[in-house]
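Residue numbers (our numbering): 1065 to 1490. From the three backbone atoms N, C-alpha and C, an ideal C-beta is built for every residue, glycine too.
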Amino acid sequence: MANQNNKPTVIARNEGISSKQRKSLVPKLRFKEFEGEWDSDKMNHITSYVDYRGRGPEKSDEGIFLVTAKNIKKGYIDYKNSKEYVPIKNYSKVMSKGLPKVGDILFTTEAPLGNIAQVDNPNIALAQRVIKLRGKECIENTYLLHYMLAPIYQKLINRKAIGTTVQGISGKELRRTKVSFPNLPEQQKIANFLTAVDTKLQQLSTKKEKLEQYKKGVMQQLFSQQLRFKDDDGSAFADWEEKTLGEIATRNSNKNKEDKVSFVLTNSATQGIVSQQDYFERDIANKNNLEGYYIVAKDDFIYNPRISVHAPVGPIKRNKLKEGVMSPLYSVFRFNENNLEYFEYFFETIVWHKYLNSVANFGARHDRMNISNSDFFKMPIPMPCDKERQKIATYLSAIDKKIEAVQTQITKTQAFKKGLLQGMFV
1065 MANQNNKPTV
1075 IARNEGISSK
1085 QRKSLVPKLR
1095 FKEFEGEWDS
1105 DKMNHITSYV
1115 DYRGRGPEKS
1125 DEGIFLVTAK
1135 NIKKGYIDYK
1145 NSKEYVPIKN
1155 YSKVMSKGLP
1165 KVGDILFTTE
1175 APLGNIAQVD
1185 NPNIALAQRV
1195 IKLRGKECIE
1205 NTYLLHYMLA
1215 PIYQKLINRK
1225 AIGTTVQGIS
1235 GKELRRTKVS
1245 FPNLPEQQKI
1255 ANFLTAVDTK
1265 LQQLSTKKEK
1275 LEQYKKGVMQ
1285 QLFSQQLRFK
1295 DDDGSAFADW
1305 EEKTLGEIAT
1315 RNSNKNKEDK
1325 VSFVLTNSAT
1335 QGIVSQQDYF
1345 ERDIANKNNL
1355 EGYYIVAKDD
1365 FIYNPRISVH
1375 APVGPIKRNK
1385 LKEGVMSPLY
1395 SVFRFNENNL
1405 EYFEYFFETI
1415 VWHKYLNSVA
1425 NFGARHDRMN
1435 ISNSDFFKMP
1445 IPMPCDKERQ
1455 KIATYLSAID
1465 KKIEAVQTQI
1475 TKTQAFKKGL
1485 LQGMFV
């Protein structure tokens, strides 16, 4: 994973030990050159601890970046999520309890509780609900970061959390939490190994983002005809036609009479057509009264008029699952053409958004597009010849396969790291 010469082959699992030994401070996964029990001590004994809770600092449009609880994620600082600043003239006052250093650990005490990151830029201010920890002589900061992210510590702080609507942990309780640790060389080895895994994850995530950006750019060029394919013999394809959706697709408004179909679908902007139960982790629709729902066949397309960040005019997705039912709030339609992948990719672009915005009546609900069926089926659809449609779909599908392959690597690496965090700490 992280280092080909430093995979779990250099980590020894303690086998055949007694139940009494298992209760001792010895991890299940360990580098083979280390042995013996770990130490354990309270957080306030092994770190210098600074609590910035109190009165909120004055903010401005520029100055020193203010790291709030919103910026601290699981293992890193997200500088894009929330951009707030404190005036330079007030910096020393805001940070009077202690300036941050690269390597310091930041911990969110609530909203959300238990997010942890490491300072990578000393020129920041720290907001309320942010605790700064710095390891003393016996603790390496990066080791502490990974320990606090591990399930053993996350479960501990959640047990000590108070509050119902907003859960938080008091400074007193946090200082009393126990941290287990080996000697410094072993801490460094653990920290380096887990950091290498994180680096690999970051590289894979960056690779995926670049592929997604490339796909987005190519789709815009293809569907705006800035980029054209040629036939296999090198000749140009015919000019594209423009047809309305109603010319190439028919509306499906078949109701679920007598409740014959009970598999309820929903249209997610990010996940596509999915089982409603899986998406919401519970049933939203009343399964005893689905007669008013539309029956959706496999390969039908569904328009969800609900607006979101990911779908500014609502998503149109293809049902790749099986026959199910969908709320009548959605529009269901079926293409009379082949190469359905071409239409899938078209609806991933923003080319069609301008038309929907031009015919929409937003009405009282600002989060939902209000479009008549008549206007919806007048939507213009660019139509190259069948062979060029196939080339477009094949090319974009190849990019999708590359994205899926990278996502598979990410998922496997995340699972590998999860196992490490569960087994390497006590």
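Non-local C-beta neighbours of residue 1364 in its own chain, meaning closer than 8 Å and more than five positions away in sequence, comprise 1316, 1382, 1383, 1396, 1397, 1398, ordered along the chain. Assignment of beta-bridge partners to residue 1245 by DSSP yields 1103.
When C-alpha distances from residue 1466 are compared across 1171, 1408, 1269, the shortest belongs to 1269. From the listed residues 1102, 1140, 1155, the smallest Cα separation to residue 1121 is found for 1155.
The Cβ-Cβ distance between residue 1319 and residue 1278 does not fall below 8 Å. DSSP, reduced to helix, strand and coil, places residue 1331 within a strand of the structure shown. Taking residue 1157 as reference, the option from 1190, 1135, 1144 with the minimal CA-CA separation is 1190. Take residue 1361, set aside five residues on each side of it, and the residues of its chain with a beta-carbon closer than 8 Å to its own are 1316, 1383, 1387, 1398, in chain order.
Using a Cβ-Cβ distance cut-off of 8 Å, the stretch 1320-1332 and the stretch 1467-1479 are not in contact, since fewer than three pairs of beta carbons, one from each stretch, lie closer than that value. Three or more beta-carbon pairs drawn from the stretch 1199-1215 and the stretch 1160-1174 are found closer than 8 Å, and the two stretches are therefore classed as touching.
Rounded to whole angstroms, the gap between the alpha carbons of residue 1489 and residue 1325 is 49 Å. For residue 1379, the closest of 1394, 1390, 1385 by C-alpha to C-alpha distance is 1394. One alpha carbon belongs to residue 1140, the other to residue 1186, and they sit about 14 Å apart.
In chain order, 1441, 1443, 1445 place their CB closer than 6 Å to the CB of residue 1309, counting only its own chain and leaving out the 5 sequence neighbours on each side. Annotation: residue 1411 to residue 1294 spans about 23 Å, alpha carbon to alpha carbon. The Cβ atoms of residue 1425 and residue 1434 lie closer than 8 Å to each other. Using a 10 angstroms sphere on the CB of residue 1298, the tally of other CB atoms stays under 16, which defines it as exposed. DSSP places residue 1194 in the strand class (E or B) of the three-state scheme. Looking at 1129, 1223, 1333, the one whose alpha-carbon comes closest to that of residue 1241 is 1223. For the set 1094, 1246, 1284, 1194, the Cα lying nearest the Cα of residue 1416 is the one of 1284. CA-CA distance, residue 1161 to residue 1221, rounds to 24 Å.
Linking residue 1290 to residue 1329 through their CA atoms gives a straight-line distance of about 36 Å. In this chain, the alpha helix (DSSP H) harbouring residue 1235 covers 1235-1240. Around the beta-carbon of residue 1375, 16 or more other beta-carbon atoms lie within 10 Å, marking it buried. Within its own chain, the residues whose Cβ lies closer than 7 Å to the Cβ of residue 1423, once the five positions on either side in sequence are excluded, are 1435, 1439, listed in chain order.
A contact between stretches requires three or more CB pairs, one per stretch, nearer than 8 Å, and the stretch 1101-1118 meets this requirement with the stretch 1243-1262. Cβ neighbours of residue 1200 within its own chain (closer than 7 Å, five residues either side excluded): 1110, 1111, 1112. Looking at the backbone, the Cα of residue 1264 and that of residue 1419 are separated by about 42 Å. By the Cβ neighbour-count rule, residue 1402 is exposed, with fewer than 16 other Cβ atoms within 10 Å of its own.
In the DSSP annotation of this structure, the continuous segment of the beta strand (DSSP E) that includes residue 1390 starts and ends at 1388-1390. CA-CA distance, residue 1159 to residue 1453, rounds to 60 Å. Following the DSSP letters along the chain, one finds residue 1342 inside the alpha helix (DSSP H) bounded by residues 1340-1344.
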